[in-house]
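Heads up, the thing below is written out as structure tokens.
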Amino acid sequence: MSCDEYEVIVIGGGITGAGIARDCAMRGLKTLLLEKKDFSAGTTGTCMGMLHGGVRYMATEPEVTKLSCIESGIIQRLAPHLIFRIPWIMPLFAGGTAALKGFASAIAQYDELGKFKNSKSHVVLSAEEARALEPSLSPNIEGAVTMDEPGVDVFRLVIANVISAAEHGADIRTHARATAILRDDNQVYGVQITDTLTGEVEEYHATYVVNAAGPWTPQVATLARVPFKLRPTKGIHIIFDRRITSTAVSGAGASLLPHENTSICGLTDKFFFLDPDEVRSSREEVEYLLSAMEKAIPSIREARVIRTMAGVRPLLDQPGTDERKLTRHYKVHDHEELDGVRGFLTIAGGKMVIYRIMAEDMTNLICQKLGRAEPCRTKEEPLPGGEEQVDPAALADGFGVPLHTVTRIVYRHGSRATRILEMCREEPQYKSHVCVCEPVTEAEIRYAITREWARTLDDLRRRTRLGMGPCQGCHCTKVAAGVLVDERDEPAKRGHQEVSDFLQERWKGREPVLVGTQLRQEELLRACYVGVGGYHNPALEKVSQR
Amino acid sequence: MAATMAAKSGLGTTLVRQGYGATALSTGAVDMSGVAEWLRGIVKNSEMAHRTVDAAVADFLEFMAEANYPYAGSQDESLTLINAMGTVKSTHLAPETAMAGNLESTESAGLLFVGIQGYSDFDAKYLGKSLRFLSECGLVRSRLETASLEIEFPRVAHTANLNSFELAQLLDDGEVVLEMIERIQEKADLHQYTHLALPPILGRDNSGIVLAILQDQTALPCFEVLSLPPSVPGLRLQRALDRAMKRQGVRIIHAGVKGFVESQGCIRSIQAVAKETEYELEPEAVILATGKFIGGGIQRTDRLREPIFDLPVFVDNGYTPDVGMGALLTERFVSEQRIFKAGLKVDERFHPVSPDGQVIYSNLMAAGAVLAGHDYILGPGGSGISVVSGHLCAQVALDQLGSEGACV
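For the record, the sequence lines run as chains A and B.
Residues in the first sequence are numbered consecutively from 1, following my numbering.
Residues in the second sequence are numbered consecutively from 547, following my numbering.
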């Protein structure tokens, strides 16, 4: 058991925790970021990644919408390589044109906020104009309203914050589950963690422990023996094998967003009071989303769904409030004031897009308590990769790597793409695609392992989109396992563990949607890993156990 | 198998297919474990089951030998073969190119895994590590010492994203094989090893010659590991089956079945459509060998269905409308997933039957993965069921047509 001293320990490697770790480190605080699994493995990794204000909140929480728009503009400036822009079509169904008049004021206000997030104002389209823009729209629409919205690769946004934190001196630990909050009378002084991959137990001491564990916040609070309640809701998305529309489209209670090589349809919103580790999509929820989108895009059921993802929103506790009306505000809690427990702080609620200001508020409180006066610089200093723009075509030419591959590397790594391309120059075989669907090179996989704390195949998925395409890991799982074991100089046993774990993790998302072509793909995947690989063999499972 | 056997038996045979299915994607190995027991459960005759399995295996081996892609093995003795994932697979029939890697036949071995730079489907270093690990923990009975190396493949301009078919095609040229051997010998003293373990790319069309050159020049038993898709040995098997069919006089039509005409419980005609051609076939007997989901023999949309004849689909013995769809899948990936046991239920003469057990069309039979009740991936049964049921369906067709005729 080791023991290190920090000024701040942040528990939770979602966007909020990563943002706090970055801010603390940038202000010179000796910081440790702990994540029980991997960055973005919880709520953050299951959001759509839109950097918008949320026009639907204009009526109820206009201040949240305004803050979101302001922060959206800041993120766009900090990490321009991670940003995409998309027209968002909101079809008007029967009676919608008349109803639109009732929202005219809200929409006008939202347009006004567009200056913060660099968006154009809305446009009202006739049915013909809307269908010319998006031919898959229903012939029954009366017209449509378009919004101009930005989005972000949320996995990469989190890792960019983590990299920045580390470059400013923070220590980073993943797969480090907090098993105890160290407390002496009313003073919290550290965290005991268990490394879930090695079983090692370690203790870290700190002046302040920040609970930024998202939906696991109450569990972490329980470790510190303080009460804390959330009003968590569950949301699921279904993911299609390709970009089935060229614009984002709202349906009757759901939306469809083209994203990378796929389309994402979401989002449900139901109270969820079970263990967040157990959240899964159900067939009923999948059916709800398809039905909701069908009104806008009648052909949606012909498209190929490859998987689902489910997450839990850590919303603030508002007893008696309907799911859809719960606030998107956030709160920084000082448990010294709330419960008389010193050294323990909690942050909860909020939205992905406002993570930076949430982190700033939390770090301000910590600095105030520590008597430190360093100002926040997180809105000025670019995130790693956002320092300068690079030209993918010139890089593709210069490094002899296909443009479509370089474009993806640049999207994920910005100006740091050259580091990966340099690896390809030194070891030309690293240009090989480990994941053909996306495409992900061996160089990028090795980079994520050595420079971005990837320790498992699922970590690699979040860093690079490994295994997220239509084949769902059929080809890349075993190839990536070999690279992982090689780069980390681990025994073959670890490779087999990783294959088993990854297959199981991905299965959770596929199982509710196995129909049509994806079922054919599943037969092939199963034939590979069960029929040939024998991963169902209990003897192999036993010797590969941790 | 059904078409080749039917033609060999003297029946005028036409194969209608849209394209290659699961066979061309497979390792090429044929599992026979549990096949006789499975067949006994259908034909209710133990002696006949064993006799049929023996005959089917013998015919399969003969067809493969005649098609210049010889197989070895038997239904009685299992082979343990290394695969490209670095684990082992128990199977029974395999191409000659894989046989030297049978770990059942050796007490101890020193394996040298030979990889190719830029060809990521075969990670020689990982395979070497993994096989040593499996040996150390007793998962394979042989004591294995392993080593690995990587060579630059001769005559390829690029060093990344090399694919199996490109390499296999290059190796069909004996000169390339010799250059590859030279590169291996430059990097390793082969006297230290008992076997060479190679990627499953030893020629697309001339695998026998490639293997012979390798073994002759290195003086070591050489073998291909079992392949994952895209699979050169799978394609070789498919093409060998095609050659076997042609040799027996099977007419092959590349078309999709779009309709059929039935009357009095018999299929009278089949309509097949290719791009610009329509076929009207009037068979006396029809054997449905359309596979499971990959082949399109069974589909799942809002329900499980057989798309050509709309035959009832069963899981085990349960008719699927009576089996809740949620009950077909479990939360654990490697557990049995009952959906992969979905298919057609047949009588003892392989005629698909209705939920009340009645034969649906008296001149229709079904063979292979389209059958219900077995999961060819998880076994027992495996791909051997396709060989045996195909063989048996051809026999039934011959019996029916030779005596009273299946339909009046």
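Ideal placement from N, C-alpha and C gives every residue a C-beta, glycine not left out.
Nearest in C-alpha terms to residue 565 of chain B, of all of B/811, B/835, B/686, is B/835.
In the structure shown, residue 380 of chain A falls within a coil segment according to DSSP collapsed to helix, strand and coil.
Straight across, the Cα-Cα distance linking residue 306 of chain A with residue 42 of chain A is about 20 Å.
DSSP places residue 596 of chain B inside the alpha helix (DSSP H), whose first and last residues are 592 to 612.
Annotation: residue 621 of chain B is outside any alpha helix (DSSP H) and is labelled neither H nor E by DSSP. Burial is judged here by how many other beta carbons sit within 10 angstroms of a residue's own beta carbon; residue 188 of chain A has at least 16 and is buried. One Cα belongs to residue 819 of chain B, the other to residue 800 of chain B, and the distance between them is close to 9 Å. Burial state of residue 246 of chain A is exposed, judged by a 10 Å Cβ sphere holding fewer than 16 other Cβ atoms. Cβ proximity to chain A below 9 Å picks out 704, 705, 706, 707, 708 from the segment 697 to 723 of chain B. Taking a C-beta distance under 9 Å as the contact criterion, residue 649 of chain B and residue 690 of chain B qualify as a contact pair. Per DSSP, the unbroken alpha helix (DSSP H) holding residue 335 of chain A starts and ends at 335 to 339.
Secondary structure in the segment 235 to 319 of chain A: the alpha helix (DSSP H) runs of 4 residues or longer, each lying completely within the stretch, are 283 to 294 in chain order.
Of all residues in the segment 410 to 434 of chain A, those with a C-beta nearer than 7 Å to a C-beta of chain B are 428, 429, 431, 432, 433, 434, reading in chain order. Against chain A, the CB of residue 783 of chain B has no partner CB under 9 Å away; the residue lies outside that interface. Around residue 536 of chain A, the beta-carbon contacts reaching into chain B at under 8 Å are 880, 881, 924. Taking all protein chains shown into account, residue 737 of chain B has fewer than 16 neighbouring C-beta atoms within 10 Å of its C-beta and is therefore exposed. Along the segment 483 to 503 of chain A, going in chain order, the ones with a CB nearer than 9 Å to a CB of chain B are 483, 485, 486, 491, 492, 493, 495, 496, 499, 500, 503. Distances from the CA of residue 95 of chain A to each of A/273, A/458, A/141, A/489 were compared; the closest alpha carbon is that of A/141.
By the Cβ rule, the segment 638 to 655 of chain B counts as touching the segment 678 to 696 of chain B, because three or more pairs are nearer than 8 Å. Taken through DSSP and simplified to helix, strand or coil, residue 715 of chain B comes out as helix. Of all residues in the segment 599 to 633 of chain B, only 629, 630, 631, 632, 633 place a beta-carbon less than 9 Å from a beta-carbon of chain A. Residues of the segment 446 to 463 of chain A whose Cβ lies closer than 8 Å to any Cβ of chain B: none. Secondary structure of residue 662 of chain B (DSSP, three-state): strand. Proximity of the segment 111 to 121 of chain A to the segment 164 to 181 of chain A falls short of the contact definition, fewer than three beta-carbon pairs being nearer than 8 Å. Chain B places no beta carbon closer than 9 Å to that of residue 336 of chain A, leaving this residue out of the contacts. Nearest CB-CB separation between residue 285 of chain A and chain B: not below the 9 Å threshold. Under the three-state reduction of DSSP, residue 840 of chain B is assigned to coil, being neither helix nor strand. Only buried fits residue 209 of chain A, as 16 or more other CB atoms lie within 10 angstroms of its CB.
Closest in C-alpha terms to residue 770 of chain B, from the list B/665, B/659, B/850, B/844, comes B/659.
Of all residues in the segment 766 to 791 of chain B, only 772, 774, 775 place a beta-carbon less than 7 Å from a beta-carbon of chain A.
Taken through DSSP and simplified to helix, strand or coil, residue 537 of chain A comes out as coil.
Of all C-beta pairs linking the segment 347 to 358 of chain A to the segment 67 to 87 of chain A, three or more are shorter than 8 Å, placing the two stretches in contact. Within chain A, no C-beta atom comes less than 9 Å from the C-beta of residue 814 of chain B; the nearest is roughly 31 Å away.
Within the same chain, Cβ atoms closer than 7 Å to the Cβ of residue 480 of chain A are found at 434, 445, 457, 460, 466, the five residues on either side in sequence being excluded. Just so you know, the alpha carbons of residue 257 of chain A and residue 293 of chain A end up roughly 11 Å apart. Using a CB distance cut-off of 9 Å, residue 288 of chain A does not count as an interface residue toward chain B.
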